[in-house]
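Residues 353 to 977 (my numbering) make up the sequence shown, in order.
Each residue gets a CB set at the ideal place from its N, CA and C atoms; glycine is no exception.
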Amino acid sequence: MNELKTKTEKTTDGALKRNPWRRLPKGGKIAVIVVGILAVLAVLAALYVNGKLDLLRYDDGSVSEMGEIGAEEDQDLDGTGLTHTEADMAVPEGSPFADEDVLNILLIGTDERTEAVNDADAFTHLNQLDGTEDTTEFSDDARSDSMILVSLDIKDHVIRLVSIERGTGVPILLDGYEDQYDWITHTFRYGGAKLTMDTVEDCFNVQVDHYVRFNFNSFVQIVDAVGGIDLNLTEDEAKALNWEVPSNSMLIVNHVDPGPNHFDGYTALQYARLRKIDNDWKRVERQRTVIKAVLDQVQNASVMELDNLLNTILPLIQTNFTKSEIAALLVQLPGFLGCDVQQMSMPLQGTYGVRTGMDDRLMYDPDWVVNIKALQDFLYDDKTAEEVIAATPETAEAAEPEAGEETETPTDFGILTDIAGENGTTYANLFTVILDSQYDDLWLSKAAAIVGEDAAQENVDYLKSFISADIYGEEAVEAYKDAGYFMFDCWYLADVDTFTFDGVTTKLTDGSEQTHTYEYLGSYQLGEGEMMTYGGETFDASFPVDVYKTADDAGEFTYFLFRDDTMQTTWHIEFRYGSDLDQLLKYMEGPYAYWLSAGIDADASPETIDSVIDLFVSENLGGEE
């Protein structure tokens, strides 16, 4: 007789045991299956995240050897209108303020260009910018080009971006540097990310939890990885990207127009570094604008796109985050998708003067008490930038414009008003002044800092010939048609020694004095439709100019064309003049071909002479923008 098959089993001691799975209700079985699946998924997710985090470059931010800043570096800070402070700098003592619900990350953008910076061809290919085979390698000798404190409010899910002006004067917190002060951006060269973090904490009295570092090439690839970014350009920004960036740095960017544009990483990098058209304050504002635009792109990405983004972006980043810290942060990230992003710059407008620090370098001298309070209010007290600025009396008349806000500029006489000065300004021929033999050593020292002492004289001779050619018109067209570069006759024509502007009239000194009153006609395009070959690349040669006309019988002085280039940003002006407007608006043909004149304040100080020579050498030898 067969034994009955049962659903019972015998234990080792002979007792009967029931199968618990069979005793579970249907809902319980489903729950167990779900939990099992979730456990497997959790393990897989952990393995996935761990694998992704292996792509990051982990570094505590310290350096084995302290770097140096050359005495000639960064001697271009604009202290116009600021009070010079002679008293000892006083940074308030106290422990950095912290909040468990706020995570502060110092975002550091570095310039890896070292030896390659001396090679003009390096600017034609971004993969050579850092002078290494690996386009994303980080150098201990890099320069810190930008600093943004990214503050994450975990509780309320708000992102706050605080730009720290690179020329802010700070104490060097290293042995042997007691009572020495320099730009905050230089702290990275002295002591790496660790020293920069310590300096921000010490001076601004806010805790800096971590740092994240990227370089120029990383920046380009990150923007491209998110599919590019959308930016809204002012007329000046579009003009600078289309003309001044290619002509000064040999980088060819995509053509852009005022208004909305879609940027690739290459062009976005140049946008983020623009400062000659206005100042460093607008530059850091542009950097924050780019970051926000990247965040906007990321929050709309699909799961597959996010995976691809991580694969591209993570290897481009260096940080002192640990894997466990990042994993904890990742849990919070969904709450930040589509969150509010607020922005501000430090120090606040109206709260700083200037002082002289190491190597007689000018630097901004903040009122630390005011700026510390403002920053803490912004990061920890749920106040907007506008509320912080409004509560700071020093900023009442000097508040920085909101992002996208246009500043009011004179319209009656355009740039003529801007360059005139309060009581009129007399301009002498720029190159007659700076080519004087008394400045030969200055030229050589500026060039040597970029190309080395052995090549300095050769490069200086080249630069001087580059700007002092005395041909124009058809002779210039013939001479330069196959050159692959362009030259300017930057000398005054028609025996003019000086020009004096008072905002309405122009006085010409040419042996006999003539005075003319000019009417502002508006902005015109010089060289419209003309293409130029420069550095082996061909691009649009046109650029806007302000045009003036006198009703007088003034011959060659009937029309004046001014570039939007002021003493406040370049220490000189550029212009052309002539009797035929149609011919003047041509750039590479006709009687005025290739000719632009340049002027400098006739009473220019030695500091101004130093600045304009430094600017000319650095731009044309491929140095720091």
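Where does residue i sit, in a helix, a strand or coil, going by DSSP?
{"i": "Asp719", "result": "coil"}
{"i": "Arg518", "result": "coil"}
{"i": "Trp947", "result": "coil"}
{"i": "Pro610", "result": "coil"}
{"i": "Asp905", "result": "coil"}
{"i": "Arg915", "result": "coil"}
{"i": "Val392", "result": "With a pLDDT of only 48 at Val392, under 50, the local geometry of the prediction cannot be trusted, and the value read off the model is given with reservation. In this structure, Val392 counts as helix in the three-state DSSP scheme."}
{"i": "His562", "result": "strand"}
{"i": "Leu647", "result": "helix"}
{"i": "Gln701", "result": "coil"}
{"i": "Trp923", "result": "coil"}
{"i": "Arg707", "result": "strand"}
{"i": "Glu438", "result": "coil"}
{"i": "Asp582", "result": "strand"}
{"i": "Ala780", "result": "strand"}
{"i": "Ile511", "result": "strand"}
{"i": "Tyr490", "result": "Residue identity check: residue 490 is Phe in the sequence provided, not Tyr. Phe490: coil per DSSP, three-state reduction."}
{"i": "Leu481", "result": "Any reading at Leu481 is ruled out, since the residue's pLDDT is 40, under 50, leaving its predicted position unreliable."}
{"i": "Asp406", "result": "coil"}
{"i": "Ala755", "result": "Note that Ala755 scores a pLDDT of 39, beneath 50, so its modelled location is shaky and nothing firm can be said."}
{"i": "Arg640", "result": "helix"}
Say the cut is 7 angstroms; is the CB of residue i nearer than that to a heavy atom of the ligand GDP?
{"i": "Phe912", "result": "Looking at this structure, you won't find the ligand GDP or any other ligand, since it has none at all."}
How is the alpha helix (DSSP H) around residue i delimited, first residue to last?
{"i": "Trp693", "result": "Looking at the sequence provided, one finds Val at residue 693 rather than Trp. Run containing Val693: none in the alpha helix (DSSP H); it sits in the beta strand (DSSP E), 692-698."}
{"i": "Ser676", "result": "675-684"}
{"i": "Ser797", "result": "792-803"}
{"i": "Gly543", "result": "539-556"}
{"i": "Ile965", "result": "958-972"}
{"i": "Leu936", "result": "933-936"}
{"i": "Gly617", "result": "617-625"}
{"i": "Asp576", "result": "568-577"}
{"i": "Tyr832", "result": "826-832"}
Quick one: Cα of residue i to Cα of residue j, how far?
{"i": "Ala442", "j": "Trp633", "result": "24 angstroms"}
{"i": "Gly874", "j": "Gly705", "result": "36 angstroms"}
{"i": "Thr778", "j": "Glu657", "result": "59 angstroms"}
{"i": "Pro448", "j": "Asp554", "result": "7 angstroms"}
{"i": "Ala494", "j": "Lys901", "result": "49 angstroms"}
{"i": "Leu526", "j": "Leu668", "result": "29 angstroms"}
{"i": "Ser814", "j": "Lys798", "result": "One detail in the question is off: residue 814 reads as Tyr in this sequence, not Ser. Roughly 14 angstroms between the two C-alpha positions."}
{"i": "Leu405", "j": "Val785", "result": "57 angstroms"}
{"i": "Thr736", "j": "Asp692", "result": "11 angstroms"}
{"i": "Ser491", "j": "Glu424", "result": "21 angstroms"}
{"i": "Ile643", "j": "Phe851", "result": "44 angstroms"}
{"i": "Ala807", "j": "Tyr791", "result": "18 angstroms"}
{"i": "Asp849", "j": "Ile952", "result": "12 angstroms"}
{"i": "Ala680", "j": "His509", "result": "15 angstroms"}
{"i": "Leu408", "j": "Ser676", "result": "13 angstroms"}
{"i": "Gly528", "j": "Leu685", "result": "43 angstroms"}
{"i": "Thr857", "j": "Glu926", "result": "17 angstroms"}
{"i": "Asn470", "j": "Val803", "result": "Residue confidence is low: Asn470 scores 35 on pLDDT, short of 50, so the model does not pin down where it sits. No coordinate-derived value is stated."}
{"i": "Asp822", "j": "Leu933", "result": "22 angstroms"}
Quick check on the DSSP output: the beta strand (DSSP E) that includes residue i runs from which residue to which?
{"i": "Glu445", "result": "Looking at the DSSP string, Glu445 is not in any beta strand (DSSP E), and its letter there is neither H nor E."}
{"i": "Gln651", "result": "Taken as a continuous stretch (DSSP letters only), Gln651 belongs to no beta strand (DSSP E), as it is neither H nor E."}
{"i": "Lys859", "result": "857-861"}
{"i": "Met499", "result": "495-505"}
{"i": "Tyr870", "result": "865-878"}
{"i": "Phe851", "result": "850-853"}
Would you decide whether residue i is buried or exposed? Buried here means 16 or more other CB atoms lie within 10 Å of its CB.
{"i": "Ser949", "result": "buried"}
{"i": "Met549", "result": "buried"}
{"i": "Gly690", "result": "exposed"}
{"i": "Lys591", "result": "buried"}
{"i": "Val683", "result": "exposed"}
{"i": "Met499", "result": "buried"}
{"i": "Ser651", "result": "The amino acid occupying residue 651 in the given sequence is Gln; Ser does not appear at that position. The residue in question, Gln651, is exposed, as its Cβ has fewer than 16 Cβ neighbours within 10 Å."}
{"i": "Val575", "result": "buried"}
{"i": "Pro612", "result": "exposed"}
{"i": "Thr435", "result": "exposed"}
Exercise. Determine, using beta-carbon pairs with one atom in the segment 614-621 and one in the segment 573-583, whether at least three such pairs fall under 8 angstroms.
Key: yes
Quiz item: Is it true that the segment 639-655 meets the segment 510-517, where meeting means three or more beta-carbon pairs spaced less than 8 angstroms apart?
Solution: yes
Quiz item: Looking at C-beta atoms only, is the number of pairs between the segment 705-714 and the segment 728-742 that lie closer than 8 angstroms three or more?
Solution: no
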